[in-house]
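Using this note's numbering, the letters of the sequence shown correspond one by one to residues 49 to 129. Here a beta-carbon is modelled for each residue, glycine too, at the ideal position from N, C-alpha and C. Since the structure is predicted, the reported quantities are computational estimates derived from the model, not experimental observations. Encoded as structure tokens, the structure appears first; notes follow it.
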Amino acid sequence: MEKRPFYAFPAVAGITYTMGGIAIDADARVLKPDGDVFPGLYAVGCATGGLEGGPNKGYVGGLVKSSVTGLRAAEAILASA
Ligand SMILES: Cc1cc2nc3c(=O)[nH]c(=O)nc-3n(C[C@H](O)[C@H](O)[C@H](O)COP(=O)(O)OP(=O)(O)OC[C@H]3O[C@@H](n4cnc5c(N)ncnc54)[C@H](O)[C@@H]3O)c2cc1C
Numbered sequence: 049m050e051k052r053p054f055y056a057f058p059a060v061a062g063i064t065y066t067m068g069g070i071a072i073d074a075d076a077r078v079l080k081p082d083g084d085v086f087p088g089l090y091a092v093g094c095a096t097g098g099l100e101g102g103p104n105k106g107y108v109g110g111l112v113k114s115s116v117t118g119l120r121a122a123e124a125i126l127a128s129a
């Protein structure tokens, strides 16, 4: 049983990052539900999902995810040009 006195303080909650989003492969190519890719369509950063969630995965950091997927997409686009 909690005992008095109780204290209250103001708090402002915010969301800095969301988990889940567009499915991509290692080159940031957008995946169809069957696992094939949409040719020429890429997604990066906080719009993407797949790194987080499930029993063996966790938060990696929004900035890391955005910089890595952005770089991977740029490299893949250059390689296909
Ligand atoms: C308060 C706060 C604290 C955070 N702290 C951390 C932290 O400590 N560590 C960490 O790893 N992550 C942190 N994050 C999360 C991290 O900042 C984001 O996950 C990351 O910046 C997402 O990068 P992004 O490039 O995917 O998207 P964004 O950084 O949102 O970039 C999207 C860009 O697209 C532009 N844009 C949008 N619409 C259009 C349009 N129609 N045309 C042209 N441009 C458009 C926007 O202006 C913006 O510049 C924090 C986020 C917040 C809000």
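*Does the Cβ-Cβ distance between Ser-114 and Cys-94 come in under 8 Å?*
For the purposes of this step, residue 114 is taken as the residue at position 66 of the sequence shown. For the purposes of this step, residue 94 is taken as the residue at position 46 of the sequence shown. Cβ distance < 8 Å, so Ser-114 and Cys-94 count as in contact.
*Provide the residue span of the beta strand (DSSP E) that contains Val-78, from first to last.*
Indexing the sequence shown from 1 puts residue 78 at position 30. Per DSSP, Val-78 belongs to the beta strand (DSSP E) from 77-79.
_To the nearest angstrom, how far is the alpha carbon of Thr-117 from that of Ile-63?_
Start at 1 with the first residue of the sequence shown, and residue 117 comes out as number 69. Start at 1 with the first residue of the sequence shown, and residue 63 comes out as number 15. Spanning the two alpha carbons is a distance of roughly 21 Å.
*Taking one C-beta from the region 118-127 and one from the region 76-86 each time, how about it: are there three or more such pairs within less than 8 Å?*
yes
*Please state whether DSSP places Gly-106 in a helix, a strand or coil.*
Position 58 of the sequence shown, counted from the start, is the residue given in the question as residue 106. In the structure shown, Gly-106 sits in coil (DSSP, three-state: anything other than H, G, I, E or B).
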